[in-house]
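Heads up: the structure comes next, in structure tokens.
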Amino acid sequence: MEAQATHVHQSLPPLPALGQKPHYTRILTLFPGDMDTPLFCTMQIIDLNHPPFAFEALSYVWGKAKSPEHLFCDDGHLEITMNLDKALRHLRLSSMSRRLWVDAICIDQTDLAERARQVQYMRLVYKRASRTIVWLGEKQDWTETAIAFAKELVSLKADFIGNLGLSSSREPAPARDPAQTDQGRRSYAYSLLSNVFKSNQEGAEALSKLFGCEYFTRVWCIQEVVASSSSILKLADLEIDMKDLLSLLPLVLDRRGLNLEPTTLQLWRGVFEMPLIYKQLNHSPPEGSLGTMLVILTSIRDFGATDPRDRIFAILGITDEGLEPVYSITESNWLADVARKGYSWISRRINSISPALEPNRHPALIPDYNKSRREVYQEFTRYCIWKPPRLLTVLGHIQHHEDPETVLDFPSWVPRFDQCRIVSKFIPELFYAGVPTKFQMYIAETHDNPFHSSSPFSNPIEEPDILQLNGFQVDTISAATDVFTQGADETLFATLLWSQLFPHPLFPRVPGQVHQYQFSKMATDVAFLQTLCAGGMFSACSQLMNSSTQPGKTRQARLEQSQRLAAQAILRWLRDRPEIDCNDYPDLGPPPIDEFHGTSIERYQDQAISLCANRKVYRTATGILGLGPKFLKPGDCVVILFGGSFPIVLRPQGRDWILIGETYLHHDEICLGQLAAKAKSRKSQVNVMRFRIR
Numbered sequence: 001m002e003a004q005a006t007h008v009h010q011s012l013p014p015l016p017a018l019g020q021k022p023h024y025t026r027i028l029t030l031f032p033g034d035m036d037t038p039l040f041c042t043m044q045i046i047d048l049n050h051p052p053f054a055f056e057a058l059s060y061v062w063g064k065a066k067s068p069e070h071l072f073c074d075d076g077h078l079e080i081t082m083n084l085d086k087a088l089r090h091l092r093l094s095s096m097s098r099r100l101w102v103d104a105i106c107i108d109q110t111d112l113a114e115r116a117r118q119v120q121y122m123r124l125v126y127k128r129a130s131r132t133i134v135w136l137g138e139k140q141d142w143t144e145t146a147i148a149f150a151k152e153l154v155s156l157k158a159d160f161i162g163n164l165g166l167s168s169s170r171e172p173a174p175a176r177d178p179a180q181t182d183q184g185r186r187s188y189a190y191s192l193l194s195n196v197f198k199s200n201q202e203g204a205e206a207l208s209k210l211f212g213c214e215y216f217t218r219v220w221c222i223q224e225v226v227a228s229s230s231s232i233l234k235l236a237d238l239e240i241d242m243k244d245l246l247s248l249l250p251l252v253l254d255r256r257g258l259n260l261e262p263t264t265l266q267l268w269r270g271v272f273e274m275p276l277i278y279k280q281l282n283h284s285p286p287e288g289s290l291g292t293m294l295v296i297l298t299s300i301r302d303f304g305a306t307d308p309r310d311r312i313f314a315i316l317g318i319t320d321e322g323l324e325p326v327y328s329i330t331e332s333n334w335l336a337d338v339a340r341k342g343y344s345w346i347s348r349r350i351n352s353i354s355p356a357l358e359p360n361r362h363p364a365l366i367p368d369y370n371k372s373r374r375e376v377y378q379e380f381t382r383y384c385i386w387k388p389p390r391l392l393t394v395l396g397h398i399q400h401h402e403d404p405e406t407v408l409d410f411p412s413w414v415p416r417f418d419q420c421r422i423v424s425k426f427i428p429e430l431f432y433a434g435v436p437t438k439f440q441m442y443i444a445e446t447h448d449n450p451f452h453s454s455s456p457f458s459n460p461i462e463e464p465d466i467l468q469l470n471g472f473q474v475d476t477i478s479a480a481t482d483v484f485t486q487g488a489d490e491t492l493f494a495t496l497l498w499s500q501l502f503p504h505p506l507f508p509r510v511p512g513q514v515h516q517y518q519f520s521k522m523a524t525d526v527a528f529l530q531t532l533c534a535g536g537m538f539s540a541c542s543q544l545m546n547s548s549t550q551p552g553k554t555r556q557a558r559l560e561q562s563q564r565l566a567a568q569a570i571l572r573w574l575r576d577r578p579e580i581d582c583n584d585y586p587d588l589g590p591p592p593i594d595e596f597h598g599t600s601i602e603r604y605q606d607q608a609i610s611l612c613a614n615r616k617v618y619r620t621a622t623g624i625l626g627l628g629p630k631f632l633k634p635g636d637c638v639v640i641l642f643g644g645s646f647p648i649v650l651r652p653q654g655r656d657w658i659l660i661g662e663t664y665l666h667h668d669e670i671c672l673g674q675l676a677a678k679a680k681s682r683k684s685q686v687n688v689m690r691f692r693i694r
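Under the UniProt record's numbering, the first residue of the sequence shown is numbered 1, with each subsequent residue one higher.
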């Protein structure tokens, strides 16, 4: 075939200065052919607000390998990846054309401005498409088994639900015999389905492999499925409805066992379950939202993204702030909900007159590929701190892979969202170190952090690389263990860590020689074991999610419940150790009679090891026990910054500070925010100061 020039995309029409904003994109028309003939297509520009014809959208993993064959488009050709080549050949019809939207082709990837423009309304593409085709690749030896078993399970689930008189909407039923409620019968139906799943080992293995495909680890793919009105998964000529497939994820995850960390598949499970959960809770987030940006950023930490900036840009279409920008500048309560609706209406009216104004969208929430990765992450971090009620939750996402003192190209206070998770994330909803007990409109006290520096109503940021926050010093670290790494004899982990901080042995406990821990109502050895599991953080979080009465509890009640759950887990763990007499630990309370999350030795051990991994346990100069980041060292300061759920380890450097990371302190007054309340009142001897963090 005669060589052709590289295809040049026709420019999208400019946006009008006034009037409704059109959403222009290109649609590919794939000409008919068989599997082995060259690929030919043409492209046409349309307005997604008024599509002149139906089209399908393709969702797939680009892949790195280039296809040796070109896609011939109009008067030129385009290079495509091997995976896209295979997808188009399987999707191409033999006797008629097929209209598709394919991001690698329909967006001019060489034009950064156009790329940013189309990314802003990419969700609309998948919403307007007649359906989304999820391409997983060609057949392998297990794929037919996986799809056949998945279809069998979907059919059985429908039969179980139908036979038990259940609806698929999960509408709440009146209270009666628990076994006869919708929830009870649904649990019974699930147990029947789970038995079928577990009894077919070959099918279960194949389905697990299916969910192990790279597609389920890519950031953009989540948005593409969430936004779709209808989607199917294709493996060569094999097909299954995507919603049906995702409904089987609980079976796969349960088979894999307990996992204390967010995983890629848990977020995919949320794609199916979140709309049902929102309906049960009578909660009305923006359509298509899976949660707030910081929650989703936690979940996608181990997802893959070719462009690190897409860690932020790719989730705008599945988060509260990205879908409804007014969420980004208001806190969440009933009064704000009313204001939010009114402000949203005003914003839409302004935008219909002049689309360039967008008065309610922070620049951090607008895709801009002219910005560097550092600029995108830095601006987003400042936005999170600025957003009312001005909490420092975003700083909990900092997980340094290198000693921040040696890193010169990134401020220590900016999370590296492009780096994989190396530690279990502390749960901010359970602790209040920098959140005073008395309600305040704005909690964090910031300096040089305006709404956004490009606004004509804001002052420019004078020192962009310095984050300035108010807080106070708690103590100085005097001794620390080595970094705890998983893989050694994990049954001895507590003993090994204890021996690096204290001269006397942890076990056995010697009656009459038990030291009282002065910062909590317990002995030092129990306080140490509680520190290893961050005060029962995971157990308390599970109770928080499973109890409808929990949110109304006071801070004190939550802390006491958390420590009580931790004490019970520790007692179970000690009970299964033959060298220990549990009667020597009356301060742990009576033996637990409930079977909360099982009674195995692994329960406490799993929680503690998960939280301690890649962290250090330490003791401060006054004897406070803490669990902190791997790069902390003696001489570092533990501080409380107003607005932070947890204390922060900072390292002094001249007049500035390096942020080492978030830390747990086993100190009741700190956990409850009582020390922060005293500092805020200015009635105590606490010295509030400005920290310049770089």
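Note that the Cβ used here is the ideal one computed from N, Cα and C, for glycine as well.
Chain-order list of residues whose beta-carbon lies under 7 Å from that of residue i (same chain, five-residue window excluded)
i	result
M82	G63, A65, K66 and S67
P174	Residue placement at P174 cannot be trusted, given a pLDDT of 47 that sits under 50; what the coordinates show is reported in the next sentence. There are no such residues.
R655	R692
I107	E114, R115 and Q118
G203	T145 and F149
C420	R301 and D302
A676	A433, G434, V435, P436, I640 and F642
Among the options, nearest to residue i - alpha-carbon criterion
i	options	result
V226	Y188, P508, C213 and A314	A314
W573	H70, L39, L559 and D606	D606
P51	P508, I27 and G512	I27
F431	R575, L391, S97 and E273	L391
G288	D244, M274 and R615	M274
L467	R373, C384 and A677	C384
M293	G137, Q516, T319 and F519	T319
W498	N614, K387, D418 and G626	G626
S681	K371, T437, M537 and R603	T437
R373	F417, L365, I366 and Q399	F417
V443	E579, P286, L641 and G317	Before going further, note that residue 443 is Ile rather than Val in the sequence given. I443 has its Cα closest to that of L641, out of E579, P286, L641 and G317.
D36	S59, N49 and E69	E69
W135	H77, K127, Y215 and K387	Y215
S11	M43, T29, L30 and P32	M43
R694	V414, G487 and L559	V414
V196	R575, S228 and S155	S155
A244	D254, S230 and L253	In the sequence as presented, Ala is not what sits at residue 244; that position holds Asp. The candidate whose alpha carbon is nearest that of D244 is S230.
L529	P511, V514, G512 and L506	L506
Sequence-distant residues of its chain with Cβ nearer than 6 Å to residue i (five each side left out)
i	result
I312	V376 and F380
S412	P404, I658 and L659
A54	S130
P551	Since pLDDT at P551 reaches only 44, below the 50 mark, its modelled position is unreliable, and the value read off the structure follows with that caveat. Around P551: no qualifying Cβ.
K157	L193
R309	R373 and V376
Residue(s) in a DSSP beta bridge with residue i
i	result
I46	T25
C41	L30 and C73
L625	R619
H447	Q468
L659	L650
Y664	L627
K678	In the DSSP output, where bridge partners are listed per residue, K678 has none listed.
T6	H77
Cβ-Cβ separation, residue j to residue i (assumed contact under 8 Å), whole Å
i	j	result
V638	G471	With a Cβ gap of about 11 Å, V638 and G471 do not count as contacting.
A104	A57	The pair is not a contact, with the Cβ atoms about 12 Å apart (cut-off 8 Å).
M242	L235	With a Cβ gap of about 12 Å, M242 and L235 do not count as contacting.
G673	V435	5 Å
G212	L395	G212 to L395, Cβ: 33 Å. No contact.
residue 695	L193	What is shown of the chain runs 1 to 694, which leaves residue 695 out entirely.
D587	A523	6 Å
D475	A621	6 Å
T663	P652	Contact doesn't hold; Cβ gap of about 16 Å is too wide.
8 Å Cβ shell around residue i - same chain, five flanking residues per side excluded
i	result
S547	Residue confidence for S547 is low, a pLDDT of 48 falling below 50, so the modelled location carries little weight and cannot support an answer.
D111	H9
P13	P22, Y24 and I45
residue 751	Because the chain spans 1 through 694 in this model, residue 751 falls outside it and cannot be assessed.
K616	A480, T481, D482, V483, F484, L627, G628, P629, K630 and L632
Within the region 196–250, ranges of the alpha helix (DSSP H) (whole runs, at least 4 residues)
201–211, 219–227 and 242–246
Mind pulling the beta strand (DSSP E) runs of 3 or more residues that sit fully within the region 495–577?
none
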